[in-house]
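Colleague: Anchor point for the sequence shown: position 25 equals 13 in the numbering used here, and the numbering is continuous, going up by one each time. Heads up, the beta-carbon is just placed ideally off N, CA and C, and yes, glycines get one too.
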Amino acid sequence: MTMNRRTISFLLIPLVVIFSWAVASDNDTTTAQSQSVATASESDNGEEEEYVPKTKRELRNDLSPIQYDVTQNEATEPAFRNKYWDNKKDGTYKCIVCDRDLFTSETKYKSGTGWPSFFAPIDKKNVGLRTDYRLFYARTEVHCSRCKAHLGHVFDDGPEPTGKRYCMNSASLKFVEKKKDETPKQNE
Ligand SMILES: [Zn+2]
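Okay, here's the thing in structure tokens:
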């Protein structure tokens, strides 16, 4: 018994020392880790929820002159001389600046105006509206709700079911064609 007690205390003392040292250093690492995790999750959330606007220089680099002029200065590209007015392919029209999904081919229709026209956006919250007095009458300007890129205007002479005509500039849009293997999903 005596030997056992001695042996136990002999073993216990260094164990306690090692244990408390381990706990102390573990606490340090845990704190450091949780700090770095917190920083990482903050920036992750930030990227998801808050859009970091591109600088003018980045926009100039990323966009063609007409894309820059339309999205940043609310210019209008010429009718019938733009990329998508007659595009009949199935797919999604995204924002040229920030990639947000804006319209799909399912709501695109032939308006005869020479600009790509849709009767509805992919989701109302993806576009923002503002009254525009640039011409002699008030128009409703349409922009990307995330990066504020100018897209075009919306008018009340569109087809059913909305009666809206989203008259868009091709220069504000990036068309991504639907892959063929996505078609069966639609028919399900
Ligand atoms: Zn955008």
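Which residues in the same chain as ALA28 place their Cβ atom closer than 6 Å to its Cβ, once the five residues preceding and following it in sequence are excluded?
Modeller: In this prediction, ALA28 has a pLDDT of 36, which is less than 50 and means its spatial position is unreliable; what the coordinates show is noted afterwards. Nothing listed; no residue qualifies.
Colleague: Would ARG88 and LYS82 qualify as a contact pair, given that the criterion is a beta-carbon distance under 8 Å?
Modeller: Going by C-beta atoms, ARG88 is nearer than 8 Å to LYS82.
Colleague: Under the three-state reduction of DSSP, which class applies to SER158: helix, strand or coil?
Modeller: Of the three classes helix, strand and coil, the one that applies to SER158 here is helix, per DSSP.
Colleague: Hey, ARG45 and SER105: beta-carbon distance below 8 Å or not?
Modeller: No, the pair does not count as a contact, with Cβ atoms beyond the cut-off.
Colleague: Report the CB separation of PRO109 from LEU90 in whole angstroms; it is logged as a contact under 8 Å.
Modeller: PRO109 to LEU90, Cβ: 6 Å. Contact.
Colleague: Going by beta carbon distance, what residues of the same chain come within less than 6 Å of TRP73, once the five residues before and after it are set aside?
Modeller: Only GLY102, TRP103 and PRO104 meet the Cβ criterion.
Colleague: Within 10 angstroms of the Cβ of THR43, are there 16 or more other Cβ atoms? Answer buried if so, exposed if not.
Modeller: Classification for THR43: exposed.
Colleague: Under a Cβ-count criterion, where at least 16 other Cβ atoms within 10 Å of its own Cβ denotes burial, should ARG69 be classed as buried or exposed?
Modeller: By the neighbour-count rule (16 or more Cβ atoms within 10 Å), ARG69 is not buried but exposed.
Colleague: Starting from the N-terminal side, write out each stretch of the beta strand (DSSP E) that is 3 residues or longer and does not extend beyond the region 53 to 141.
Modeller: The region 53 to 141 contains these whole beta strand (DSSP E) runs: 79 to 83, 89 to 92, 115 to 120 and 127 to 132.
Colleague: Just list the residues that DSSP pairs VAL40 with in beta bridges.
Modeller: DSSP output for VAL40 lists no bridge partner at all.
Colleague: Can you say whether SER24 is buried or exposed, counting buried as having 16 or more other CB atoms within 10 angstroms of its CB?
Modeller: With a pLDDT of 38 at SER24, under the threshold of 50, the modelled position of that residue is not reliable, and no figure is offered here.
Colleague: CB of ARG118 to nearest heavy atom of ligand 1: below 7 Å?
Modeller: Outside the cutoff, so no.
Colleague: For SER52, is the classification buried or exposed, using 16 other Cβ atoms within 10 angstroms of its Cβ as the cut-off for buried?
Modeller: Its Cβ having fewer than 16 others within 10 Å, SER52 is exposed.
Colleague: Sorted by chain position, which residues of the same chain lie with C-beta nearer than 8 Å to TYR39's C-beta, five sequence neighbours on each side aside?
Modeller: Excluding residues within five positions, the ones whose Cβ falls inside 8 Å are CYS86, ARG134 and CYS135.
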